[in-house]
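There are 2 protein chains.
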Amino acid sequence: MGTDLGSWADGPARSAIVDFVERVTAAGGPDFVEPADRVAVFDNDGTLWCEKPMPVQLDFTVRRFAEMAAADPALQQKQPWKAAHEHDLHWLGAAMVKHYRGDDDDLKLLMGAVTEAFDSVTVENYDARVRAFFDGADHPTLGRPYRGCGYAPMVELLRYLEANGFANYIASGGDRDFMRPVAGRLYGVPPERIIGSALGLSYREGADATDLLYKAAMDFFDDGPEKPIRIWSRIGRRPILSVGNSNGDLPMLAFSGQPDRPALRMLILHDDADREFDYVAGAEEALDHARERDWTVVSMKHDWTNVFSSAVT
Amino acid sequence: MGTDLGSWADGPARSAIVDFVERVTAAGGPDFVEPADRVAVFDNDGTLWCEKPMPVQLDFTVRRFAEMAAADPALQQKQPWKAAHEHDLHWLGAAMVKHYRGDDDDLKLLMGAVTEAFDSVTVENYDARVRAFFDGADHPTLGRPYRGCGYAPMVELLRYLEANGFANYIASGGDRDFMRPVAGRLYGVPPERIIGSALGLSYREGADATDLLYKAAMDFFDDGPEKPIRIWSRIGRRPILSVGNSNGDLPMLAFSGQPDRPALRMLILHDDADREFDYVAGAEEALDHARERDWTVVSMKHDWTNVFSSAVT
């Protein structure tokens, strides 16, 4: 099929993609893969959309903290609700910086509160909250709505793969049900193809209605070795193409392809301070592995002629 | 779309199906449902294929016990390996009978052994074992291979729903990865649409290969209230059509449709000793609910002109 990878510069990354897709779709060729087995998996934060200065989901959850603090003055004195109530993003940023330095105390406080933020909310109510957030919320520094923060070259890649018989899944450390309501609009990926971290759910049956409610506890955190496990659980096939941007994506990339199929493994390198961000924190090991194993590193600066689409859906 | 429900007798069950499908596909009608939301879920054991005199998966696992006992004489003196080694199906049957009478000691022994039977086996090796089983194994009393024990009317229903834009999922208490290798062949349902119970998995990375290995412990048992939870986890939508045959299917059926969509809920009634089996054990509560709530009960004896297909795939 023809390519419309217009936001990809001519270069090694684009060539790696096109060469791989041509190999696995060449009927009768040595690397031909049946359409049903053309599974591609994508990390989300930092791979399909921008994850700086904080993950989009964290912004959503901080707004929830502020709402909780407004309703309960006692929370206004406790972190992380205090920071949210006072719009003090410094505390949140410092928690992340401390985390990278090995001090996880504040991050644990934050993650505990994240886990409890939607306790007993129904799946339908959560869906409506996420949709409302994306209708209105803007990225804090990029001057565009969050729903305009998906990477245009990656959306083109998703369409190109689909046109070549691939099924695209998102396998993210982010919350599965936070991505589902917006992934169709941003990426054309439907809810059943969203794999992500999950809160526990409980089932409640009333006289006239049944509900699923979130628990204040994680079911699992979809990162690192959990990614291939959750990919298998959901799909029942190994991917042949996988894209990530951090150390937590390494097992997903390593799991792709083998034992008997080819694979294309890619890492997005954030090296573009002008158009997006420039950072490698959390990706050092992944980049080392990529170099050792000849995986494809995509330089945002050099491989992408365009980072964000001018049209916002 | 035209119907080819040739194994369904004219009667209330067939009418309920056709009426429902016509309602939800009638563009502009009050019950129209977008194709993306036309999700149908099916229990497997006793709903899509025969579950008597024992679940197919149990036969598969008993053969594994026999293999384990042959390799380890100590196991030949311990249940349930002893029964498998001696081809003593009486012990297994008695364990089930005791279970229905409230004595779960032998069943617990059996289920513990089932959980451990594939400890440290890779997902690919398990897949190959399941395929080999279905290539050769016959049902103990029906005089046909297990792969010929799917219900012809249900396969027709799956095709009819597909032709009307539905996506069919299997939501079974049976092991997900036991169904996956054969569900395409029997039902035309691909691995990514199989929801079932799951053993825990662990990820192992070697120098040249990565593997997923089963643990000797369940991740979850997909029955009762767990069914709607796992359906949501996998699909992210409520089904609008659901079919089961036992008490463990009640929450799945109740979860379908609402809050704002129509639903068709069906129970298969095993009342056909001549062509299949006649039993209600384990389905009493479900049948009571169905009568109270006007759910559709499908009589195998009266609603199906044909139970099994003469052609075995």
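Chains as they are written, first to last, in my numbering: chain A, 1 to 313; chain B, 1001 to 1313.
We treat Cβ as the ideally placed atom computed from N, Cα and C, and that holds for glycine.
Query: Proximal chain B residues relative to residue 258 of chain A, where beta-carbon distance stays under 9 Å; Result: 1208, 1209 and 1210
Query: Cβ-based neighbour list, residue 1085 of chain B, same chain, cut-off 8 Å, excluding 5 preceding and 5 following; Result: 1065, 1066, 1069, 1070, 1075 and 1076
Query: For residue 87 of chain A, the three-state DSSP class (helix, strand or coil); Result: coil
Query: Closest residue to residue 1171 of chain B among B:1034, B:1243 and B:1272 (Cα-Cα distance); Result: B:1243
Query: Residues near residue 1014 of chain B in its chain [Cβ-Cβ closer than 8 Å; skip 5 each side]; Result: 1005, 1008 and 1303
Query: Residue-level contact to chain B via CB, residue 263 of chain A, 8 Å cutoff; Result: no
Query: C-alpha gap between residue 1215 of chain B and residue 225 of chain A, whole angstroms; Result: 15 Å
Query: Proximal residues of chain A, C-beta to C-beta of residue 1123 of chain B below 8 Å; Result: 232
Query: Reduced DSSP secondary structure (H/G/I, E/B, other) of residue 205 of chain A; Result: strand
Query: Residue closest to residue 34 of chain A, alpha-carbon to alpha-carbon, out of A:57, A:173, A:188 and A:240; Result: A:240
Query: Cβ pair residue 1053 of chain B, residue 1140 of chain B closer than 8 Å; Result: yes
Query: Residue nearest to residue 58 of chain A in terms of C-alpha spacing, selected from A:97, A:89 and A:153; Result: A:89
Query: Status (buried if at least 16 other CB within 10 Å, exposed otherwise) for residue 41 of chain A; Result: buried
Query: Touching by the beta-carbon criterion (3+ pairs, under 8 Å), the region 1281-1300 of chain B and the region 1247-1255 of chain B; Result: yes
Query: Assigned exposure category for residue 1257 of chain B - 16 Cβ within 10 Å defines buried; Result: buried
Query: Local conformation of residue 1045 of chain B per DSSP, three classes; Result: strand
Query: Buried versus exposed, by CB contacts within 10 Å (16 or more), residue 126 of chain A; Result: buried
Query: Contact under 8 Å by Cβ, residue 1212 of chain B with residue 1201 of chain B; Result: yes
Query: Distance CB(residue 173 of chain A)-CB(residue 45 of chain A) smaller than 8 Å; Result: yes
Query: Segment contact flag, the region 290-298 of chain A with the region 257-275 of chain A, C-beta cutoff 8 Å, min 3 pairs; Result: yes
Query: Residue 180 of chain A: contacting residues in chain B (beta-carbon distance under 7 Å); Result: 1236
Query: Which of helix, strand or coil DSSP assigns to residue 243 of chain A; Result: strand
Query: Listed by chain order, chain B residues near residue 36 of chain A by CB distance under 8 Å; Result: 1190
Query: Neighbour flag for residue 1058 of chain B against chain A, beta carbons, 8 Å; Result: no
Query: Residue 220 of chain A - containing beta strand (DSSP E), residue span; Result: 210-220
Query: Assigned secondary structure, residue 117 of chain A (DSSP; H/G/I helix, E/B strand, else coil); Result: coil
Query: Beta bridge counterpart(s) of residue 122 of chain A as assigned by DSSP; Result: A:213
Query: Cβ-Cβ distance between residue 255 of chain A and residue 178 of chain A below 8 Å; Result: no
Query: Bounding residues of the alpha helix (DSSP H) (the contiguous stretch that carries residue 63 of chain A); Result: 56-71
Query: CB contact below 8 Å: residue 187 of chain A versus chain B; Result: no
Query: Contacting residues, own chain, Cβ-Cβ under 7 Å from residue 282 of chain A (five flanking each side not counted); Result: 246 and 247
Query: Short CB-CB distance (under 8 Å) between residue 1254 of chain B and chain A; Result: yes
Query: Assigned secondary structure, residue 1283 of chain B (DSSP; H/G/I helix, E/B strand, else coil); Result: coil
Query: CB contact below 8 Å: residue 1203 of chain B versus chain A; Result: yes
Query: Beta-carbon spacing of residue 322 of chain A, residue 1191 of chain B below 8 Å; Result: As displayed, chain A neither begins before 1 nor continues past 313, which places residue 322 of chain A out of reach and without an answer.
Query: CB contact check: residue 972 of chain B to chain A, cutoff 8 Å; Result: The first residue shown for chain B is 1001 and the last is 1313, placing residue 972 of chain B beyond what the model contains.
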